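Order-wise, the sequence lines are chains V and L.
Heads up: the first sequence is residues 1 to 399, going by UniProt numbering.
Heads up: the second sequence is residues 1 to 197, going by UniProt numbering.
Ideal Cβ positions, reconstructed from N, Cα and C, are used throughout, including at glycine.
For clarity, every value in this text was computed on a predicted model and none was experimentally measured.
The structure appears right after this line, and notes come after that.
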Amino acid sequence: MKDQFVVPARLRMTSFVLMGVGLLTFLIGLIAFKGETRFWAGLLQNSSFFLLITLASTFFIAATTLAQGGWQIAFRRVPEAISMAVPILAAILFIVVMILVMGGKEDIYHWVNPEHVAHDKVLNWKKAFLNKGFFTTATIITLALWIFFTMRIRKMSIQEDGWDLSRETGRKILWRNTVVCGGFMVIFTLSVGSTTPWIWLMSIDSHWFSTMYSWYTFASTWVSGLALISLFVVYLKRHGYLTYVTEEHLHDLGKFMFAFSIFWTYLWFSQYMLIWYANMPEETEYFQPRVWGEWRPIFFLNLLINFITPLLFLMKRDTKRNYTAIVFIAVVIIFGHWLDFWQMVYPGTVKHLVFPWYELGLGLGFVGLIIFLTANQLTKAALVPKNHPYLKESIVHHT
Amino acid sequence: MAVKNFVVGLFDDEAVLFPAVKKVRTAGYKLHDVYTPFPVHGLDHAMGLRESSLHTAGFIYGITGTTTALSFMSWVFNADWPLNIGGKPHFPLPAFIPITFELTVLFAAVGMVMTFCWLCQIMPGVKKHIFHPRQTDDKFVMVIELTEKTNAEEVKSFLTAAGAHDINEQKAEAGWWFGRFDKDDEPYLRKIQTANA
């Protein structure tokens with residue numbers, strides 16, 4: 001049984017090529033857009049999207065631990081490894097948003113210019129919330145807590161490999177994991193579930209407001225995070241690792257992707273329908289450029305990729321148990337939600353529909369970075385947490 | 001429905017039952033059914049049952065619900081009785097979605113429950129022969145059908161070797177029927193016996 005991951009030369013090469021593409025696009029963008037709106041909008045979209053989908057791995061561990069789940073233990077090291085990209089991606093995002101806010105980039109965040117706020121009734125009301133001090137403090141606190149909990153969960157898991165296999169140890173493992181994951185869940189709900197997407201992304205359309213927005217963002221990144229985990233699991237399985245993972249585990253990951261694609265649609269629709277029904281100008285301004293403006297094709301493409309495709313494709317049992325099918329739909333889901341983030345950020349900043357070569361290039365760079373960091377982390381510990389009390393439950397797992 | 005001959009064997013443990021089911025199939029005996037007190041994972045595979053088509057039926061019921069809801073509402077609001085509601089168009093799709101969703105779920109749920117009952121032959125009034133009173137209580141009951149080619153004694157010794165106990169031969173109705181349990185059926189007879197005792 002291969003229990004220790006060694007990074008294949010091809011994977012390392014791929015990750016370097018992708019990172020190279022990303023860096024090249026970044027430099028071309030720097031020259032082509034001279035640090036203007038599109039340059040920053042692309043960075044904001046990509047850094048927030050990829051940070052949140054890696055953070056979804058920590059959420060996956062926390063949620064399954066709190067639910068006393070056993071089936072995921074056989075591949076638990078995979079989301080753990082992915083989540084270790086959070087500190088680096090958080091640093092990138094932090095630099096980007098701090099330049100945007102402190103540098104007064106009012107074409108991205110309209111509210112950073114005090115002159116606009118002074119003559120604007122709506123922004124004046126939002127002043128207590130949308131200001132540089134609050135933005136910076138909230139960003140620093142959430143990022144620090146995310147990094148702390150992510151590192152803590154990973155560290156505990158590796159530490160447990162050195163322990164013995166007694167009943168007391170098992171109890172101790174369960175208890176301390178539950179405590180830490182519970183702590184993370186509170187932080188996660190208060191950040192991704194409520195404030196963070198509001199200040200990072202919703203404040204682009206600074207007059208507009210929607211309480212659904214954070215949940216909607218969370219659903220988007222959570223389903224893409226699940227797709228990311230599935231991709232790594234299938235990759236490792238294909239290379240002869242993760243002996244205990246069978247198509248039963250894959251089936252459950254497929255069910256999760258199916259269910260949360262529908263959950264995303266539910267939240268998307270809940271936000272859209274209320275605004276459509278009430279038809280109030282201060283609310284419809286968000287959908288005006290998206291449904292009736294230049295972004296109309298993207299608006300419908302978004303629904304097609306993120307709802308219709310997973311719904312019809314993952315409905316059958318056989319596709320959820322097929323490695324190739326899961327890889328296909330996982331790539332589709334990640335691309336679809338990347339597109340979703342694109343249409344969340346761009347109509348409010350760049351305004352016009354452009355071919356996203358720059359954004360796609362940056363996205364590939366981030367993908368390369370995630371592959372590189374995750375592969376490195378996977379080598380640092382055994383692929384099976386051998387002392388976890390639920391390991392047997394995961395091995396005999398049957399859907 | 002036809003009356004057939006069966007050999008019935010009891011098992012105490014699913015760990016004994018599983019290999020026995022596999023052995024019965026490789027030996028070529030005709031497995032009538034296996035009754036368990038709880039759902040046993042993988043038993044359907046071991047018994048060689050084909051995959052259920054219930055989900056396909058569910059999908060068909062679901063899209064029937066979707067079509068019913070959309071076509072009915074568009075007929076009402078466009079052809080039969082057009083109304084101006086809040087200045088919205090006569091085919092306001094977002095407003096139709098919740099009802100369409102509900103009807104999809106309703107059709108799929110009700111349809112699947114009824115199909116499930118039909119496939120499992122369970123309905124109020126539908127009766128089936130009970131091979132052993134404890135077959136859904138705490139015993140695993142395996143029933144092998146006797147054809148012209150199978151020798152009853154041979155099957156009995158085979159079941160004993162596979163770990164079964166209380167092996168007996170029964171002549172019983174193989175399918176379902178409406179009404180009440182037959183008078184010569186075992187639970188009914190036992191009731192008479194306890195009443196007489």
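Check	Outcome
The region 48-57 of chain V / the region 213-228 of chain V touching (three or more Cβ pairs under 8 Å)	yes
V:Leu-30, buried or exposed, once every other Cβ within 10 Å from all chains shown has been counted against 16	exposed
Interface residues of the region 82-98 of chain L facing chain V [CB-CB below 9 Å]	Gly-86, Gly-87, Lys-88, Pro-92, Pro-94, Ala-95, Ile-97, Pro-98
Against chain L: residues of the region 253-274 of chain V by CB proximity under 7 Å	Phe-269, Tyr-272, Met-273
Extent of the continuous beta strand (DSSP E) to which L:Tyr-35 belongs	30-35
Per DSSP, the bridge partner or partners of V:Trp-163	V:Trp-163 is not bridged to any residue.
Check whether L:Thr-64 and L:Thr-100 have beta carbons under 8 Å apart	no
Minimum Cβ-Cβ distance from V:Trp-40 to chain L less than 8 Å	no
Min CB distance L:Gly-42 to chain V below 8 Å	yes
Closest residue to V:Pro-79 among V:Leu-52, V:Met-151, V:Ile-61 (Cα-Cα distance)	V:Ile-61
Limits of the beta strand (DSSP E) - the one that L:Trp-176 falls within	176-178
V:Val-180 beta carbon less than 8 Å from that of V:Met-156	yes
Residue burial classification, V:Ile-95 (beta-carbon count within 10 angstroms, cutoff 16)	exposed
Cα-Cα separation between L:Ala-109 and L:Leu-103, rounded to whole angstroms	10 Å
Where L:Asn-84 falls, given that 16 or more other Cβ within 10 Å makes a residue buried	exposed
Same chain, Cβ closer than 7 Å to L:Ser-74, neighbours up to 5 away in sequence not counted	Phe-91
Beta-carbon proximity check, V:Met-84 vs V:Gln-377, cutoff 8 Å	yes
Continuous alpha helix (DSSP H) stretch holding V:Asp-340: start and end	323-349
Residue of V:Ala-219, V:Gln-45, V:Ile-199 minimising C-alpha distance to V:Leu-130	V:Ile-199
Within chain L, partners of residue 400 of chain V - CB distance below 7 Å	With chain V covering 1 to 399 only, the question about residue 400 of chain V has no answer from this structure.
Interface flag, V:His-251 vs chain L, CB-CB below 8 Å	no
Presumed contact (8 Å Cβ cut-off) between V:Trp-215 and V:Glu-283, rounded CB distance	Not confirmed; about 17 Å, so no contact.
N-terminal and C-terminal residue of the alpha helix (DSSP H) that L:Gly-125 is part of	Taken as a continuous stretch (DSSP letters only), L:Gly-125 belongs to no alpha helix (DSSP H), as it is neither H nor E.
Validate contact between the region 171-190 of chain V and the region 108-116 of chain V using beta carbons, cut 8 Å, 3 pairs	no
Residue from L:Phe-38, L:Gly-28, L:Ala-2, L:Phe-72 with nearest C-alpha to L:Val-141	L:Phe-38
At least three beta-carbon pairs within less than 8 Å, the region 260-268 of chain V to the region 355-375 of chain V	no
Length of the line joining the Cα atoms of residue 199 of chain L and L:Val-155	What the structure shows of chain L is the stretch from 1 to 197, and residue 199 of chain L is not part of that stretch, so it cannot be assessed.
Buried or exposed (CB count within 10 angstroms, at least 16 for buried), residue 402 of chain V	The structure shown does not extend to residue 402 of chain V, since chain V is modelled only from 1 through 399, so no value can be given for it.
L:Gly-9 - partner residues in DSSP beta bridges	L:Met-142
Chain L residues whose Cβ lies nearer than 9 Å to that of V:His-119	Here the premise fails: no neighbours, minimum Cβ distance about 33 Å.
Strand pairing of L:Glu-169, partner residues [DSSP]	L:Val-7
Test item: CB-CB of V:Gly-69 and V:Ile-204 under 8 Å	no
Test item: CB-CB of V:Thr-25 and V:Gly-361 under 8 Å	yes
Alpha carbon of L:Ser-71 to alpha carbon of V:Phe-341, nearest angstrom	34 Å
Burial state of L:Ser-53 (16 or more Cβ within 10 Å)	exposed
Nearest residue (CA-CA) to V:Glu-359, options V:Val-101, V:Trp-264, V:Leu-23	V:Leu-23
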